[in-house]
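**Q** Next up is a structure, given as structure tokens.
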Amino acid sequence: MTNLLEVKNLVKKYGEYTAVNGISFSIKDGEIFSLLGPNGAGKTTTISVLSTLYTPTSGDASIGGYSVSREPMLVRSLIGVVPQELALYDDLTARENLSFWGQMYGLSGRTLKSRIDEVLEQIGLVEKAGNRIKTYSGGMKRRVNIGVGLLHRPRLLFMDEPTVGIDPQSRRAILDSVKDLNQQGMTVLYTTHYMEEAHELSDRVAIIDHGELIALGTQAELTHQVGENDTLVLHIDEGQDCESLAQAMRTIPSVLFANTSDHEISLITPEAEEILAPAVTKANELGIKIRSVDIKEPNLEAVFLHLTGRALRD
Amino acid sequence: MKKIFLIGIKDVRLAMRDRTALLMMLLAPFILTLGLGFVTGRFSGTSSSGISNIHVIIVNQDAGQVGSALVDLLHSPDLQELVLVRDMSDEVAARQLVDTGQNAGVIIIPPGFTDSIISSPTTSAKTEIPQIELYTDPTRPTSVGVIKTILDQFLSQVETGRIGAEVTITQLITNGLVQVQDAAAIGQEIGVQQATAAGQTNAITIKDVTSNGKTIQFDVLGYMAPGMALMFLMFTASYGGRVLLAERNQGTLPRLLVSPTTSAQVLGGKIFGTFLTGAAQVFILILASTLFFGLQWGDPLGILVLVLAAVFAAVGWGMLITAVAKTPGQVNWIGTAIMLLFGLLGGSFLNLEGMPGWFELVSKITPNAWGLDGFTTLAMGGNLSNVMSPVLGLLAMGIILFIASLLLFNRKGIIQR
Numbered sequence: 501m502t503n504l505l506e507v508k509n510l511v512k513k514y515g516e517y518t519a520v521n522g523i524s525f526s527i528k529d530g531e532i533f534s535l536l537g538p539n540g541a542g543k544t545t546t547i548s549v550l551s552t553l554y555t556p557t558s559g560d561a562s563i564g565g566y567s568v569s570r571e572p573m574l575v576r577s578l579i580g581v582v583p584q585e586l587a588l589y590d591d592l593t594a595r596e597n598l599s600f601w602g603q604m605y606g607l608s609g610r611t612l613k614s615r616i617d618e619v620l621e622q623i624g625l626v627e628k629a630g631n632r633i634k635t636y637s638g639g640m641k642r643r644v645n646i647g648v649g650l651l652h653r654p655r656l657l658f659m660d661e662p663t664v665g666i667d668p669q670s671r672r673a674i675l676d677s678v679k680d681l682n683q684q685g686m687t688v689l690y691t692t693h694y695m696e697e698a699h700e701l702s703d704r705v706a707i708i709d710h711g712e713l714i715a716l717g718t719q720a721e722l723t724h725q726v727g728e729n730d731t732l733v734l735h736i737d738e739g740q741d742c743e744s745l746a747q748a749m750r751t752i753p754s755v756l757f758a759n760t761s762d763h764e765i766s767l768i769t770p771e772a773e774e775i776l777a778p779a780v781t782k783a784n785e786l787g788i789k790i791r792s793v794d795i796k797e798p799n800l801e802a803v804f805l806h807l808t809g810r811a812l813r814d
Numbered sequence: 179m180k181k182i183f184l185i186g187i188k189d190v191r192l193a194m195r196d197r198t199a200l201l202m203m204l205l206a207p208f209i210l211t212l213g214l215g216f217v218t219g220r221f222s223g224t225s226s227s228g229i230s231n232i233h234v235i236i237v238n239q240d241a242g243q244v245g246s247a248l249v250d251l252l253h254s255p256d257l258q259e260l261v262l263v264r265d266m267s268d269e270v271a272a273r274q275l276v277d278t279g280q281n282a283g284v285i286i287i288p289p290g291f292t293d294s295i296i297s298s299p300t301t302s303a304k305t306e307i308p309q310i311e312l313y314t315d316p317t318r319p320t321s322v323g324v325i326k327t328i329l330d331q332f333l334s335q336v337e338t339g340r341i342g343a344e345v346t347i348t349q350l351i352t353n354g355l356v357q358v359q360d361a362a363a364i365g366q367e368i369g370v371q372q373a374t375a376a377g378q379t380n381a382i383t384i385k386d387v388t389s390n391g392k393t394i395q396f397d398v399l400g401y402m403a404p405g406m407a408l409m410f411l412m413f414t415a416s417y418g419g420r421v422l423l424a425e426r427n428q429g430t431l432p433r434l435l436v437s438p439t440t441s442a443q444v445l446g447g448k449i450f451g452t453f454l455t456g457a458a459q460v461f462i463l464i465l466a467s468t469l470f471f472g473l474q475w476g477d478p479l480g481i482l483v484l485v486l487a488a489v490f491a492a493v494g495w496g497m498l499i500t501a502v503a504k505t506p507g508q509v510n511w512i513g514t515a516i517m518l519l520f521g522l523l524g525g526s527f528l529n530l531e532g533m534p535g536w537f538e539l540v541s542k543i544t545p546n547a548w549g550l551d552g553f554t555t556l557a558m559g560g561n562l563s564n565v566m567s568p569v570l571g572l573l574a575m576g577i578i579l580f581i582a583s584l585l586l587f588n589r590k591g592i593i594q595r
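Here you go:
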């Protein structure tokens, strides 16, 4: 497969603040590529530069052989963008929105009409197409927001955290539609801070933190970085001293990392079952009650924890 | 061009679906016009024009009775509130008072005016129609229109008297009731009586401007309706700017900028949309006031060109406000403040005539002042050629504002990719 997108030493600064710091990666034609990272990691800025909204401070990227900084108009006709925030006209109907955006991408006449019908079918809003967007639920709006990005059949679709703030049912529908689009041949760059989404969708994942790519590869390649280690998650009651317990856990010999977040302590260890007993003992010594325990196989969350010492949600 | 058109049409559609905006664009000016109509008695038949104390000078160089009759007419109690008349003999000094803005106009009655009108009916030589000169301040079209109306009415009476005397004497001679040698004296007496009867007529009010042959009635709403339309046009202009910044915040502007659409097309479309919305607003108000109030706006071609020029200038202001403001909220309050300020400065609330010279000068920064000049001229019977000055003024204002806005947009990167 050839590379549809190539990013080379891309830097984006806002004054003194560096949002993206010299990242490089490529995406192959037909791939689902996830950019995984916590909020503020630089995911949206990266997509904004790649979609030609912002010019890079230095470095460059090419899509289909066209430079995003020198040939933005050629790039724009190849890409579709599903922004993180809803970008629709509330006082227009779904059909009117799709019609307007389709025309902005050069569609007209019968082609426009048939594409609108196809997209409405795809996002499951045929019957409500004549209703104004402001009457829609959050999930329905998200679906129209995605539909706009699909109208002109882009070769590369940027999806910037499309499931933020929606119900599980709509989230499931969106994840399924991403997989469908990919099966139809569309290349997707998907950003998220949900490890589960990156895990479910991606052929390859890049982990981004503080504007830098800290890991890149297939999921197997990434999880291999943390070896065969498990993640033991201890859930404790609200108001308990997480940090003291984490300190205590770090004294257990086989605990490689201990991190706290939202009344949880995540421990990376090669033998999760074996450290369970000493972990409970340490908690009892501190007078902290453990409410429940999860043992997770090696995953992207563990990779992030391993690489940064922080959880993705931090 | 197609994308500019599409973005513009989309914006008009959105504006027409925004109930709050519609209230401000259409209902508010209509209701205010209606209210002012009631306040001034326009709908109760006790209308006063709202215009008073027009400073006018009369220079009577005629020694005859018709000249005196015109002077008497202007000093008559019927016109006491409307015009403040000053008699002068120095024509040059009188003109200077108009040039310096202290008076709206000078009526100069030429020497021999009466004699040239009331010549002997037996005289075969055709007497040249005498010319009363009306020297006016072009920045006061309303006052000038009123003075001209009074003069036209008076001259109409004079002409009626002159023709009446000719016909009467001819009939008397034909029937042998008067001798030819007495005809001159009798004719003069009849002519003077009929012509000077104009001085006692009660029919002289602010109406019947007949300069282009049409009967145009001066209507107080003819001043108020355009005043309100122009004031709320400024709301629409700033509304367009607010929408531009709101689109940036709500993500639709960035989405437009990552589609194969240039930033120039996006900005052009936004401006076009605001322009179309503003034009639609003013034309709807014109139509509504014509249908519901029976208001005569005047020459349709003049109205069309003037409205488009006024909208162009107003949108220029809207864009400048947008370029200066940082948020839609700022556009909103700056726009509202400017709408009211321009309404006050530009004469939407008060007739600017009689205001100090500096005030009138400052008022020229507003589309309201130029627009009102034009609308008043058209309502008083003028046509497109009579409103070229306000039209050009508005276009120049718009061009300057657009250039300034584009420079600021560029500097702030509001719509750059």
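Residue numbers (my numbering), protein chains in the order written: chain A, 501 to 814; chain B, 179 to 595. For every residue, glycine included, the Cβ atom is placed at its ideal position computed from N, Cα and C.
#1: So, GLY400 of chain B versus ALA557 of chain B, is the Cβ gap smaller than 8 Å?
#2: Taking 8 Å as the threshold (beta carbon to beta carbon), is ASP256 of chain B in contact with chain A?
#3: Starting from the C-beta of VAL276 of chain B, find all residues in its chain whose C-beta is less than 8 Å away, skip the five residues before and the five after it, and write them out in chain order.
#4: Using alpha carbons as the reference points, say which of A:THR555, A:ASP709, A:ILE646, A:PHE804 lies closest to ASP660 of chain A.
#5: Just the C-alpha distance for LEU675 of chain A and LEU701 of chain A, rounded to the nearest angstrom, thanks.
#6: For PRO753 of chain A, count neighbouring C-beta atoms within 10 Å of its own C-beta (all shown protein chains included) and say buried if the count is 16 or more, exposed if not.
#7: Can you find the residues in the same chain that come closer than 6 Å, C-beta to C-beta, to MET686 of chain A, ignoring five residues on each side of it along the sequence?
#8: With three or more C-beta pairs closer than 8 Å as the rule, is the region 704 to 721 of chain A touching the region 535 to 542 of chain A?
#9: Within 10 angstroms of the Cβ of ARG642 of chain A, are there 16 or more other Cβ atoms? Answer buried if so, exposed if not.
#10: If we ignore side chains and look at the alpha-carbon of each, how far apart do GLU259 of chain B and THR593 of chain A end up?
#11: In three-state terms, what does DSSP make of LEU592 of chain A?
#12: Go ahead and pull the three-state DSSP assignment for VAL581 of chain A.
#13: Which of the residues in the region 410 to 444 of chain B, read from start to end, lie with their CB under 8 Å from any CB of chain A?
#14: Apart from the five residues on each side of it in sequence, which residues of its chain come closer than 7 Å, Cβ to Cβ, to PHE208 of chain B?
#15: Hey, how far is the Cα of VAL664 of chain A from the Cα of MET202 of chain B?
#16: On the premise that SER416 of chain B lies in contact with ILE499 of chain B, defined as a C-beta separation below 8 Å, what is that separation, rounded to the nearest angstrom?
#17: Flag this pair as touching only if the region 740 to 753 of chain A and the region 779 to 787 of chain A have three or more C-beta atom pairs under 8 Å; answer yes or no.
#18: Please list, in chain order, the residues of the region 550 to 569 of chain A that have any C-beta partner in chain B closer than 9 Å.
#19: Note down the Cα distance separating LYS181 of chain B from MET604 of chain A, rounded to an integer number of angstroms.
#20: Could you tell me the boundaries of the beta strand (DSSP E) in which LEU732 of chain A lies?
#21: Establish whether the CB of ARG195 of chain B and some CB of chain A are separated by less than 8 Å.
#22: Expressed to the nearest angstrom, what Euclidean distance is found between the alpha-carbon atoms of ILE666 of chain A and ILE481 of chain B?
#23: Please list, in chain order, all residues of the same chain as LEU489 of chain A whose beta carbon is under 7 Å from its beta carbon, the five residues on each side excluded.
#24: Can you give me the C-alpha to C-alpha distance between THR278 of chain B and PHE587 of chain B, rounded to a whole angstrom?
#25: Among B:LYS448, B:LEU572, B:VAL244, B:GLU337, which has the Cα closest to the Cα of PHE490 of chain B?
#26: Cα-Cα, which of A:GLN683, A:GLU797, A:ARG791 is closest to ALA772 of chain A?
#27: Threshold first: 4 residues or longer. Then list the alpha helix (DSSP H) segments lying entirely within the region 652 to 695 of chain A, N to C.
#28: My output table needs one value for ARG195 of chain B: the three-state DSSP class, helix, strand or coil.
#29: Could you tell me the distance, in whole angstroms, from the CA atom of LEU689 of chain A to the CA atom of LEU431 of chain B?
#30: Quick check: the region 507 to 523 of chain B against the region 410 to 424 of chain B, are there 3 or more CB pairs under 8 Å?
#31: Taking C-beta pairs closer than 7 Å, name the residues in chain A that LEU312 of chain B reaches, listed in chain order.
#32: Report the neighbours of LEU204 of chain B on chain A: residues whose CB is nearer than 8 Å to its CB, in chain order.
#33: What residues in its chain sit with their C-beta under 6 Å from that of GLY186 of chain B, if we drop five residues either side in the sequence?
#34: In this structure, how does DSSP classify GLU721 of chain A when only helix, strand and coil are distinguished?
#35: Measuring alpha carbon to alpha carbon, tell me which residue in B:VAL336, B:LEU262, B:VAL460, B:GLU311 is nearest ILE286 of chain B.
#36: How should THR544 of chain A be labelled, buried or exposed, when 16 other C-beta atoms within 10 angstroms of its C-beta is the threshold for buried?
**A** This is what the structure holds:
#1: yes
#2: no
#3: ILE235, ALA282, GLY283, VAL284, TYR313, THR314, ASP315
#4: A:ILE646
#5: 7 Å
#6: By the neighbour-count criterion, in which a residue is buried when 16 or more other Cβ atoms sit within 10 angstroms of its Cβ, PRO753 of chain A is exposed.
#7: LEU657
#8: yes
#9: Its Cβ being crowded by 16 or more others within 10 Å, ARG642 of chain A is buried.
#10: Going from the Cα of GLU259 of chain B to the Cα of THR593 of chain A covers about 59 Å.
#11: coil
#12: strand
#13: GLN428, GLY429, THR430, PRO432, ARG433, LEU434, LEU435, VAL436, SER437, PRO438, THR439, THR440
#14: Taken in chain order, the residues that qualify are LEU463, ALA466.
#15: 37 Å
#16: 5 Å
#17: yes
#18: SER551, THR552, LEU553, TYR554, THR555
#19: 7 Å
#20: 730 to 736
#21: With 8 Å as the cut-off, ARG195 of chain B counts as an interface residue toward chain A.
#22: 53 Å
#23: There is no way to answer for residue 489 of chain A, as the model of chain A reaches only from 501 to 814.
#24: 41 Å
#25: B:LEU572
#26: A:GLU797
#27: 668 to 683
#28: Three-state result, ARG195 of chain B: coil.
#29: 22 Å
#30: yes
#31: Close to LEU312 of chain B, with beta-carbon spacing below 7 Å, lies no residue of chain A; the smallest spacing is near 54 Å.
#32: None at all; the shortest Cβ gap to chain A is about 17 Å.
#33: Counting only Cβ-Cβ distances below 6 Å, and skipping sequence neighbours, we find GLY447, PHE450, GLY451, LEU454.
#34: helix
#35: Scanning B:VAL336, B:LEU262, B:VAL460, B:GLU311 for the CA closest to the CA of ILE286 of chain B turns up B:GLU311.
#36: With 16 or more other Cβ atoms inside 10 Å of its own Cβ, THR544 of chain A counts as buried.
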